[in-house]
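Before any comments, here is the structure.
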Amino acid sequence: MLTLYDAPRCPYCARVRIVLAEKGVPYETVVVDLSDRPAWLLEHNPPDGRVPVLEEDGWVLPESAVVDEYLEERYPEPPLLPVDAGERAAARLVISRFDALGKPYYALRREEAGAAGRVEHALEGLDALLRAAPFLTGRAFGLADISYLPWLLRMRDLMGLSLDRHAALVRWLETCCERPSVAAEVETVASLAA
Ligand SMILES: N[C@@H](CCC(=O)N[C@@H](CS)C(=O)NCC(=O)O)C(=O)O
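Just so you know, the numbering used here puts 47 at position 61 of the sequence shown, and the rest follows in order with no gaps.
The following block contains the structure:
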C-alpha cells in the first residue's frame, strides 16, 4: 500500500493527490503538521522534511513532479501524458518552467514589491499557452495541468485574485474543476478558508 505524507494546505501535495485520484490508486494518508514535522520525515527527506513524500514498503520518494512522473509510469491508466514523444516533451517543458509562476506567487504571498505584476505576467504566459491548446498538457488534460492547478485554485479561492483578464485561463480552470479529482481539491481549498 502506498502512503502519502501530505498536508492539505500544500499545493505540491495537491499535485500528487490529484494524480492519485485521476488514476484511482488506493493509498493511505499521513497528515503532517508543517510546524511540527515527524522525525521520520526529516530523516527521509532531509534537510527540512518537505512534503509531499510517497512511501511504499520502506521505499521513499519526495519531490512532487518526480512523484507524479513515477505514478504515471507505475500506473499508466488513464494516461496523463500524451502518446506522441514531441507532445510529451512539450508537456514536460511546461512542468519544468513552473517556477515562472511559483516564484512570483510566493513573492506575492510575502507581499514583496512588484510581485503582483510578475504574477500577472506569468498568468499571461499560461493564458497564451491555453489560447493555443485546450490544456497545458496539450490536447488532453494531464500532468502539466495538474502541476499548475493547485496554485491557480489557491489564487482564485484563497487569495481573491481576479483571473478575469485571462479568458482562456479562466475557461481552462472551469473545465478542469469539472473533473472529480480537481473538484476534491477545490473542496480541500475551501476547507482551508473556513
Ligand atoms: N520541490 C518540492 C517542494 C515541496 C514543498 O516546498 N513543500 C512545502 C509545503 S507546501 C514544505 O514542506 N516546505 C518546507 C517548510 O515549510 O519548511 C516539491 O515539489 O515537492
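We treat Cβ as the ideally placed atom computed from N, Cα and C, and that holds for glycine.
The structure presented is a predicted model; accordingly, all values stated were derived computationally and were not measured.
Check, Outcome
"Starting from P48 and walking both ways along the beta strand (DSSP E), at which residues does that stretch end?", "45 to 48"
"Let me check you understand the geometry: is the CB of Y134 closer than 7 Å to at least one non-hydrogen atom of ligand 1?", "no"
"Cβ of S177 within 7 Å of any heavy atom in ligand 1?", "no"
"Could you give the first and the last residue of the continuous beta strand (DSSP E) run that contains L40?", "39 to 42"
"Tell me the residue span of the beta strand (DSSP E) that contains T174.", "It is not in any beta strand (DSSP E) - T174 instead sits in the alpha helix (DSSP H) that spans 166 to 179."
"Ligand 1 and D(-8): does any heavy atom of the ligand fall closer than 7 Å to the residue's C-beta?", "no"
"Report buried or exposed for L20, applying the criterion of at least 16 other Cβ atoms within 10 angstroms of its Cβ.", "exposed"
"Using three-state DSSP, classify V69 as helix, strand or coil.", "coil"
"State the Cα-Cα distance for the pair E173 and L144, rounded to the nearest angstrom.", "12 Å"
"Got a sec? Which residues, its chain only, sit under 6 Å from P24 by beta carbon, not counting five neighbours each side?", "none"
"For G88, collect the residues of the same chain with a Cβ closer than 8 Å to its Cβ; drop the 5 residues on either side in sequence, then sort them by chain order.", "W137"
"Tell me the DSSP secondary structure of E97 in three-state form.", "coil"
"Using DSSP with H/G/I as helix, E/B as strand and the rest coil, what is E63?", "coil"
"Find out if the Cβ-Cβ distance for the pair L149, R142 is shorter than 8 Å.", "yes"
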